[in-house]
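Asks: To convert a position in the sequence shown, counted from 1, into my numbering, add 400.
For every residue, glycine included, the Cβ atom is placed at its ideal position computed from N, Cα and C.
Please read these numbers as outputs of a predicted model, since none were measured by experiment.
This is the structure I have questions about; it appears just below.
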Amino acid sequence: MSTDRANPFGDLSDFEPQIKPPPPAAAIEQIAEAAGFPSRKARSTEKAPAAPVTKARRRYTTGRNQQINVKATAETIDRLYRIADDLKQPLGAVLDLALDALESQHTGKKR
Numbered sequence: 401m402s403t404d405r406a407n408p409f410g411d412l413s414d415f416e417p418q419i420k421p422p423p424p425a426a427a428i429e430q431i432a433e434a435a436g437f438p439s440r441k442a443r444s445t446e447k448a449p450a451a452p453v454t455k456a457r458r459r460y461t462t463g464r465n466q467q468i469n470v471k472a473t474a475e476t477i478d479r480l481y482r483i484a485d486d487l488k489q490p491l492g493a494v495l496d497l498a499l500d501a502l503e504s505q506h507t508g509k510k511r
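This is the structure in structure tokens:
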């Protein structure tokens with residue numbers, strides 16, 4: 401080891417970093433293909449699979465501000481949404497109608 405230390409504030413004006421030219425794009429592509437890297441280029445357009453059917457968004461201003469969460473079978477939930485769609489009513493209104501019908505059936509009176 402040398403006992404002479406380099407001056408950290410020394411003159412570096414004669415220092416030139418070595419700049420390597422970038423490799424040609426064809427060579428990079430060939431190496432990437434040989435190594436099994438996927439291309440970032442867009443794939444050819446193919447017919448996309450049909451999107452799954454989604455439920456329609458329901459946005460109503462009704463004044464209802466309470467939430468109820470219930471567990472039900474998929475068939476019951478589908479039935480509820482189908483009835484709401486047929487009546488063109490929000491789910492809360494369908495629940496009100498169902499409860500009114502249930503009350504009138506059991507007690508004979510409506511609220």
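(1) How long is the line joining the alpha carbons of Leu480 and Gly508, rounded to whole angstroms?
(2) In whole angstroms, what is the alpha-carbon distance linking Ala456 and Lys488?
(3) Any contact between the segment 435-452 and the segment 464-484? By contact I mean 3 or more CB pairs, one from each, below 8 angstroms.
(4) Kindly provide the ranges of any alpha helix (DSSP H) runs that are 4 or more residues long and lie completely inside the segment 401-462, ordered along the chain.
(5) Quick one: grab the DSSP three-state call for Arg482.
(6) Which class does Gln467 belong to by DSSP, given the choice of helix, strand or coil?
(7) Report yes if the CB atom of Val494 is closer than 8 angstroms to the CB atom of Ala501, and no otherwise.
(8) What number of angstroms, rounded off, separates the C-alpha of Leu499 from the C-alpha of Arg440?
(9) For the ligand GTP, is there any heavy atom lying closer than 7 angstroms to the beta carbon of Ala450?
(10) Could you give the DSSP three-state label for Gln505: helix, strand or coil?
Replies: If we stick to the structure as given:
(1) 24 angstroms
(2) 11 angstroms
(3) Not touching, per the Cβ criterion.
(4) 425-435
(5) helix
(6) coil
(7) no
(8) Distance between the alpha carbons of Leu499 and Arg440: 57 angstroms.
(9) This structure lacks the ligand GTP; in fact it carries no ligand of any kind.
(10) helix
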